[in-house]
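I have placed the structure first, in the form of structure tokens, so that the comments after it can refer back to it.
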Amino acid sequence: MNNLSDITLATSTNPSAFLTVPLGDPVQADNGNIPPNTRMLPGQWAAAADNGYVLLLQPDGNLVLYQVVTGPVAANSSFTGSAIWATGTNNGAYFDVQTDGNLVLGTSDGNVAWSPYTNGIDPQELLVQTDGNLVLYNTLNQACWASSSNHYQVWPPTRWVNVQSRLVAPEKGVPFVLTASSDGVTLSPFVAGSPNQIWQVTADGRLLSGLLAGLVLGQDAGSSTPINTTQSVPVPVEQTWLWGTGLGPTTIQNSASNQYLSVDITGGSVQMQDTDTSSQWYFTPTTPLDSIMALPASDPAFPAFTPDQQAVYDWINNKLAAMNNQPHLILREQYTNGASTLDNYRQDMLGLDYSAFPPQVWHPVVDQLKLELSAASAVNSLFACYTSFHTLLFEDQGALLSELGLDAGFEDGDSTNIGGIILAVLSGVIYTVLSAETMEGDINYFAVAANVLQSGINVAVAAQTSNVSPSLFQVAYADLWGQLSATFEGLLDTFDTMETTILTDWAKLKITYTLIASTAPDGLFWNSGETGNMVKAAKQGYVLSVMQMLLPTKFQIYQYLDVNNNPIDGVPAYAQYITPAIDGTYFKYWIADSTDWSIYPQEIALTQVWDNGGSKDDFFNNRNGWAFAMTRPYTYSGNAANYLVIALTNLSPNTLVATVFNPSPTSAGPSPQTLYPYETVLIEAEAAFPGGVAITLSIFDPSRGNYFDEPIASFDAFQDYSGFAAGNVRTANATTAGDYQLSTPLCNTGGYKQYPGAIQASIYRP
């Protein structure tokens, strides 16, 4: 058994912290089924059927359910994992699945450290499920107890994808992808810039539509048709799916019906079927490299030679050392030296005279080394292409950031605090790559760039690389480039590590080489001549992500309802937006300084947004990454500055609920409100004389298992009463729970007798 001392293990549930988890010997639990009359001792464990989850009784006495992030799940080994459920104990000496139906974590003196007290049932099994739940079933296959942990997963990271059909061949390089309609889904050719063809895959098995509005892929009970429907809370099993995480295409199986998402090739319709033997789908980007990195290390690193073959290999090393003036050269240790050097070695090796050795001895050696050299050369070239792409896109963007900052009204050295999410910048790049126009031909090079970039992000996050953090950050504008460039450099370091790991492990090298030659959606064939086009497409996402950080710190959105669609008087056309409401009226918006409604951003700042694919509807309604403070002039009677508008933006993939507490004597609402992923709700409060506004905002995640009724974020909001001037706006007592994070709220004072004060806060989950 591994030495389990001096190892930091989970003491409580903290899904966003990845830990090295050592394992002892497993208990008998075929496919995660722990039968009655099973005792688990410290260090022992049971894994789900797909090895994606592990129940472990730790040596410290805590019983913990881990999600596996990377590494093998095997006796006397270790993996990297995320704790999604735990008893929170420190005195458990054994864990029993009793024949009377009870689960008991006992202490060394025979007392009960933890139990759900489920005795009195006829138990069938305690099942470590593949969806992240730990469930006790009776012999009628009824769930009698559950950990309710199947929405705590954080791996793999939430990401945007196209869901591409493997069975329907692309036409001129244009793939057929899953497309959301108002209520259903179809299969149709990819169209650039179509949010209804982009989906977000979540760690707990949901497929969120790029149309937002809380739409997810689901299946009604008893129906054979997949639907695009509004997400329910807590998330029902009909709206979650199971898919593979390895290399190649995957099945997509509904968790409730166990049916598979399928394509009727003759009619082109999307339907549910009882079987899928062909693995019909690709999630693009497919992240093949992080699957390769997760493979166990080869032992030995490269195929071993027989003694006679080893003599040939040693002779080749000596010859190449002399020819290249490299004493003590060992060929297999040179694979990290670059493609051109390896090509020279290959040519030198093929020119040697092997007549001193029997053909049946030297041929296998030379053939194997030829294959290894070709593979290593191809991998070197792939990573060189990515480095060029990365440098053009990120490393040289300090000047672009400065340009965008000037456009947004910042000056060099500005100390204004900027908040953001590093992964949002990287995800924004991938989102725009996915939305880019496909190239005609057999290979979509944009998809290849996304495959490589998303793989690197996943590997960096799994390794908890400090510079590639999923957390919120806040820095002065003057330090923003330092924050971003550290991330970009950290990501490039991750790719260097990945390259070295692949080049020094034959199993990883061989698979990567195969994918480099592949034109499938999970292929890694990179045409260096197209790198410039890839950068051009990806730069749009970088620009949008930067502007999403910069603009809300200086400007806010002014919104009101009007009976006509006439332009807003006095507001430049470029700074306003008008859209119909549902009752024949019109929503009117404009963007202006947070301290003066008549100071507008430069036109070039908004041009940067629109020219790089930004949606005006998303921009002015605080959707899809935009998070402005919003205020509502021309809306309230009396002094508008005695009202407060609070914008709560959900930057997580989960549907949340926003609630107002302690409003008396303040009038505030509406409450509660459903807060869909990547959307914003407004809560309006009226100040009471003489105290002003004093309310508590609490946000809940109804799918948060046993903690559904505890807020995942909360803060107090205040606005002084406005008698002769607008009252001061402020917040206090911010708290978060679980792995949710809350941005530092933006607090904007209102305009006396003009417009209300405003607060904006974003809720984020890594």
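Taking our numbering, the leading residue of the sequence shown gets 101, the next gets one more, and so forth.
Think of the CB as a built atom: it goes at the ideal place given N, C-alpha and C, for glycine as much as any other residue.
It should be emphasised that the depicted structure is a prediction, and the values quoted were computed from it without experimental measurement.
Closest by C-alpha distance to residue i, when choosing among the options
i	options	result
S248	N233, L203, S515	N233
T587	I521, A620, A729, T604	I521
G882	A321, P257, F290, L311	Outside the shown range of the chain, which is 101 to 866, sits residue 882, and nothing can be said about it.
L442	V479, T774, T384	V479
Q819	G857, F405, S618, T601	G857
N211	T189, L311, Q460, D453	T189
P667	R865, K688, V552, W710	K688
G161	W214, I134, V335, N424	W214
A280	D231, V254, T330	T330
T653	Q253, A729, Q676, N721	A729
Y736	D696, P680, G684, L661	L661
Q128	S645, L163, V197	V197
L751	L615, Q648, E630	Q648
L572	T612, G519, D579	G519
Residues near residue i by beta carbon distance below 6 angstroms, same chain, minus five either side
i	result
N724	D718, Y778
A394	T170
F457	V412
Y360	T351, Q353, Q373, D376
D222	N238, T239
F118	V169, T180, S182, Q564
I557	L526
A246	N233, V235
H490	L592
C244	T218, I221, L236, N238
F800	V757, P811
Euclidean distance between Cα positions of residue i and residue j
i	j	result
R830	A861	12 angstroms
G314	I298	14 angstroms
A607	F402	8 angstroms
M634	L591	18 angstroms
D512	Y577	8 angstroms
T436	S628	20 angstroms
Q275	L797	In the sequence as displayed, the identity of residue 275 is Pro instead of Gln. Spanning the two alpha carbons is a distance of roughly 45 angstroms.
G509	T780	25 angstroms
A421	D467	20 angstroms
S618	Y382	14 angstroms
Y864	L523	11 angstroms
N103	V121	Note that N103 has pLDDT 31, beneath the 50 cutoff, so the model's placement of it is unreliable and the number below is only indicative. Distance between the alpha carbons of N103 and V121 is about 11 angstroms.
N712	V760	37 angstroms
W690	Q659	7 angstroms
P295	W726	16 angstroms
I704	L504	9 angstroms
A740	V663	20 angstroms
M423	L473	17 angstroms
G344	S357	17 angstroms
G851	Y743	10 angstroms
G827	V291	49 angstroms
D364	L317	18 angstroms
Cutoff 8 angstroms; reference residue i; Cβ partners in own chain excluding five residues on either side
i	result
G541	Low confidence applies to G541: its pLDDT is 49, below 50, so where it sits in the model is not reliable enough to give any reading.
T208	First, the residue type needs correcting, since residue 208 is Ser and not Thr in the sequence shown. Excluding positions up to five away in sequence, the list reads N191, A193.
T604	A401, Y435, T436
7 angstroms CB neighbourhood of residue i in its chain, flanking five on each side removed
i	result
N417	L429, I430, L431
F483	F595, E599
Y486	V552, F595
DSSP-derived helix/strand/coil call for residue i
i	result
A213	strand
G519	strand
P289	strand
E540	The predicted model places E540 with a pLDDT of 46, which falls under 50 and marks its position as unreliable, so this point remains unresolved.
V548	helix
W462	helix
A147	strand
N494	At residue 494 the sequence reads Phe, which differs from the Asn that was named. Of the three classes helix, strand and coil, the one that applies to F494 here is helix, per DSSP.
A788	strand
P388	helix
DSSP beta-bridge partners of residue i
i	result
T780	T749
V483	Looking at the sequence itself, residue 483 is Phe, so the reference to Val does not match. Answer by DSSP bridge pairing: none, since F483 is not bridged.
P136	According to DSSP, P136 bridges with nothing at all.
T759	S798
V663	Paired residue(s): none; V663 is not in a bridge.
C847	I859
M43	Because residue 43 is not part of the residues shown, which for the chain are 101 to 866, the question remains open.
P765	Looking at the DSSP assignment, P765 forms no beta bridge with any residue, so it has no partner.
Neighbour flag for residue i against chain B, beta carbons, 8 angstroms
i	result
N724	Chain labels in this structure do not include chain B; a single protein chain is all it has.
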